[in-house]
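Each residue of the sequence shown is one higher than the one before, counting from 4 in the numbering used here.
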Amino acid sequence: MSAPQELLAYIVSARGKGFSDEAITQALRNAGWSKRDIQKAFEPHEPQTKPSRQAISPLVIFISIMLFLLFGGACAYGLYVYQNQLKITPSPTPTPNPIPTTYPPAGGHSSASPSAHPSATSSSQLSSDISFAHNGFGFDVFKNLLKTEGDKNVVISPTSIALALSMTYNGASESTKLAMAKTLKISAIDIKKLNEESATLIKLLSNPDPQVTLSIANSIWARKGIAFLPEFLNTNKTYYNAQIQSLDFTLPSAADTINAWVSTNTKGKIPTIVAKPIAPTIVMYLINAIYFYGTWTYEFDTALTQVLPFTLPDTSKIQHLMMKQERKDFLYQETNAFQGVLLPYGKNKQLSMVIMLPKTTFSAFLGQLTHATWNSWMKSFAEMQGTLLLPKFKIEYKTSLSKTLSALGMANAFSESADFSGMRKQKDLFISDVIHKTYIDVNEQGTEAAAVTSVSVGITSIGEPKKTFLMEVNKPFFFAITDTQSGEILFMGGINNPSK
């Protein structure tokens with residue numbers, strides 16, 4: 004049997020646009036065509052034996068022409084629809100994959116495999132809803148913590164906190180679910196869509212570049228002897244690739260077992276998250292771990308690193324190691340509020356560190372830092388020649404988020420009136436605490452960062468090209484590590500003292 008006519012027509016059209024046979028084959032496989040049909044379509048076709056000449060009436064000729072025109076028009080329209088479904092866009096030069104996606108597929112081994120679920124959204128279908136929610140929630144948490152931490156350094160991972168709480172959200176019901184949704188800024192996102200996009204985001208972010216390591220891991224540790232609903236556990240296993248384990252929390256080694264998982268998934272940068280002994284009222288831990296290591300696309304020359312003054316919030320000065328880089332193509336912007344520079348990682352430049360140096364005080368800058376202004380600022384970087392001086396820093400941060408999350412609207416989830424009947428039929432569970440730990444090391448070669456969030460569940464009973472800039476980051480500043488494709492903010496922090 005010959006290959007379908009529409010398949011042959013598509014191949015002819017794609018070849019005419021300059022796509023290679025390999026690229027066309029990959030596109031057709033992605034669109035669901037069988038290997039057999041594709042092979043048949045590429046086989047050379049012998050012309051059929053011509054029939055003997057016979058007299059043909061003018062009426063037959065007229066009807067044949069009309070049918071040919073109708074059929075040709077239908078084929079052209081079908082091909083147009085077919086190409087649009089595949090989102091095939093011709094490019095000046097042929098590429099290995101002629102189907103452009105909104106986000107490039109994540110390569111390499113991932114600690115998550117959400118694509119195994121038939122409902123998992125593909126990276127090309129990931130909307131901005133989930134990253135928009137994560138970032139907005141992250142700014143709320145960050146600014147609330149800065150109010151209570153004073154002049155201390157604050158470093159958080161909005162992604163880690165949001166994913167740990169999203170797993171928990173799958174077990175929330177009634178008023179508790181509504182309160183969590185409002186705080187997490189996911190009220191408008193259906194829970195099925197939330198889970199699907201969480202799975203897609205995890206896959207998208209995992210190891211996006213040969214020079215970048217980025218892994219996201221999730222786990223749920225349940226107290227042995229306490230029954231939890233299979234639907235809750237299976238949902239988190241399916242969409243978040245959560246490792247589910249029942250553990251005897253009364254054993255002295257229980258905390259060590261959980262902490263070993265944390266240490267492994269942060270490459271030893273965060274060795275512990277659970278304190279010993281585990282309280283008898285704790286029946287579950289929902290944990291997210293993120294590890295990041297990326298080399299700069301343009302590394303700093305260690306020979307240019309020197310000791311220079313850094314001004315602290317109280318206006319006193321310390322001497323600190325400052326890295327230096329001069330380039331013609333920095334992505335830079337300057338406003339009345341700050342100087343900003345974007346430093347990419349790896350070959351693909353999908354991930355970048357954003358540095359924002361306030362022009363006045365750090366607190367004044369924070370007053371202008373909102374989710375809306377962030378989105379606006381991120382669209383305004385442009386290439387410019389300049390000089391950057393950036394402090395080396397290594398920061399470890401730990402905090403309990405229970406007060407912050409309560410202040411942001413989740414107080415019900417921490418009370419004994421909480422409703423987590425989606426985890427367990429009995430309404431006897433509540434969030435005991437949410438512990439968040441981060442680590443970041445910024446040097447001439449790149450950045451290493453890690454984050455862990457543990458939810459413990461308790462039970463009741465553009466610039467001008469000719470201009471140049473000098474950006475000397477020698478006073479408190481804001482930074483963020485972002486995925487430039489999805490817009491997801493993986494880490495953000497306020498550095499008041501890089502020496503601590």
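Note that CB positions come from ideal geometry on N, CA and C, so glycine has one too. What you are looking at is a predicted structure, and each value in this text was computed from that prediction instead of being measured.
Within this structure, are the beta carbons of residue i and residue j separated by less than 9 Å?
i	j	result
A136	Y294	no
F433	A416	yes
F145	G370	no
N138	E491	yes
V344	M474	yes
I443	V215	no
F413	F235	In the sequence as displayed, the identity of residue 413 is Met instead of Phe. For M413 and F235, no; Cβs fall outside 9 Å.
Y301	L372	no
A245	N221	yes
Y296	K327	no
L493	P161	yes
N291	A367	no
E177	D304	no
H439	S457	yes
Measure the C-alpha to C-alpha separation of residue i and residue j and round it to an integer number of angstroms.
i	j	result
V286	P274	22 Å
S383	A421	44 Å
A278	T260	12 Å
I205	T450	20 Å
P211	Q429	42 Å
I223	V476	41 Å
H374	Q322	34 Å
R18	E200	35 Å
I398	K272	11 Å
I252	A258	Contrary to the premise, residue 252 reads as Phe rather than Ile in this sequence. C-alpha separation (whole angstroms): 8 Å.
N378	T318	31 Å
L289	I133	20 Å
F313	I189	40 Å
Q336	A385	7 Å
Q488	L324	32 Å
N499	L148	14 Å
N198	Y243	8 Å
E152	S37	59 Å
N156	T364	15 Å
Y85	I41	Unreliable positioning characterises Y85 in this predicted model, as indicated by a pLDDT of 40, which lies under 50. The coordinate reading is nonetheless provided below. Looking at the two C-alpha atoms, the distance is approximately 16 Å.
D154	L315	9 Å
I102	K478	Its pLDDT being 25, under 50, I102 is placed unreliably by the model, and nothing is read from it.
Y348	Q388	19 Å
I281	L208	33 Å
L307	T298	18 Å
In the DSSP output, what is residue i paired with across the bridge?
i	result
E302	Per DSSP, none; premise fails for E302.
P312	Q322
E386	L334
V144	According to DSSP, which records beta bridges pairwise, V144 is partnered with nothing at all.
Q246	S222
V265	Per DSSP, none; premise fails for V265.
F252	Its beta-bridge partners do not exist; DSSP assigns none.
V157	G497
M413	DSSP output for M413 lists no bridge partner at all.
K397	D444
K327	L392
H439	T402, T456
Nearest by alpha-carbon distance to residue i: which of the options is it?
i	options	result
A225	Q248, P211, G271, P233	Q248
I229	G153, K406, P283	P283
T186	F140, T308, S435	F140
T463	P161, S435, L391, V310	S435
I358	A202, F482, A175	F482
F423	P213, P255, I194, F231	F231
T402	K240, T441, L360	T441
N339	S355, K362, F333, D24	K362
L393	L404, Y400, S502	S502
Helix, strand or coil for residue i per DSSP?
i	result
Q336	strand
K279	coil
L345	strand
F235	helix
F472	strand
F494	strand
P479	coil
N499	coil
A230	coil
L404	coil
P361	strand
N351	coil
S418	coil
D40	helix
D259	helix
D431	coil
N291	strand
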